[in-house]
Amino acid sequence: MDNHSAHDEFEIVIVHGINKELRVTETETIEAVKLAALDCFGISAADAGQYVLRAKHDSQKDNQLSENETVAEAKLHPEQHITLAAGTPYGAW
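Going by my numbering, the first residue of the sequence shown is number 10, and it counts up by one from there.
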């Protein structure tokens, strides 16, 4: 059973050449997490449209996360590795 409430903070690991931990809450959007990840690596928020977040789920396939979802909706969990990758966010084409 999961003892986390919807507002609990936890750390995920952002992978972009090297790994950096990032504290998130389950109610944050993936877009907000991406902006915080960019800041961790010294990348300007102005370049946000050139990056996406990707994560492995049950299928073990690396999938792009929808920036409109929350951390909870994306089913991210503590210590999960999330890749900050070059790419075009959904809906930006």
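Where a beta carbon is used, it is the ideal one built from N, C-alpha and C, also for glycine.
### Query
Is V42 helix, strand or coil by DSSP?
Here residue 42 is taken as the residue at index 33 of the sequence shown, counted from 1. In the structure shown, V42 sits in a helix (DSSP, three-state: H, G or I).
### Message
If I measure Cβ to Cβ from W102 and keep anything under 6 angstroms in the same chain, skipping five residues before and after, which residues do I get?
### Response
One-based indexing of the sequence shown puts residue 102 at position 93. Summary for W102: the model assigns pLDDT 47, below 50, so the residue's position carries little reliability; its value from the coordinates is reported in the next sentence. Counting only Cβ-Cβ distances below 6 angstroms, and skipping sequence neighbours, we find nothing.
### Task
Could you tell me which uninterrupted beta strand (DSSP E) segments, each at least 3 residues in length, are contained entirely in the segment 48-75, listed from first to last along the chain?
Note on the segment 48-75: whole beta strand (DSSP E) runs with a minimum of 3 residues are 60-65 and 71-73, in chain order.
### Message
Measuring only the C-alpha atoms, how far is V80 from G26?
### Response
Here residue 80 refers to the residue found at position 71 of the sequence shown. Here residue 26 refers to the residue found at position 17 of the sequence shown. CA-CA distance, V80 to G26, rounds to 22 angstroms.
### Query
Who pairs with T36 in a beta bridge, going by DSSP?
To locate residue 36, count along the sequence shown from 1; it is residue 27. In DSSP, T36 forms no bridge with anything.
### Query
Any idea if K43 is buried or exposed, counting beta-carbon neighbours within 10 angstroms, 16 or more meaning buried?
Within the sequence shown, numbered from 1, the residue matching residue 43 stands at position 34. By the neighbour-count criterion, in which a residue is buried when 16 or more other Cβ atoms sit within 10 angstroms of its Cβ, K43 is buried.
### Query
A95: beta carbon under 7 angstroms from a heavy atom of the ligand GTP?
Within the structure as shown, the ligand GTP is missing, as the structure has no ligands at all.
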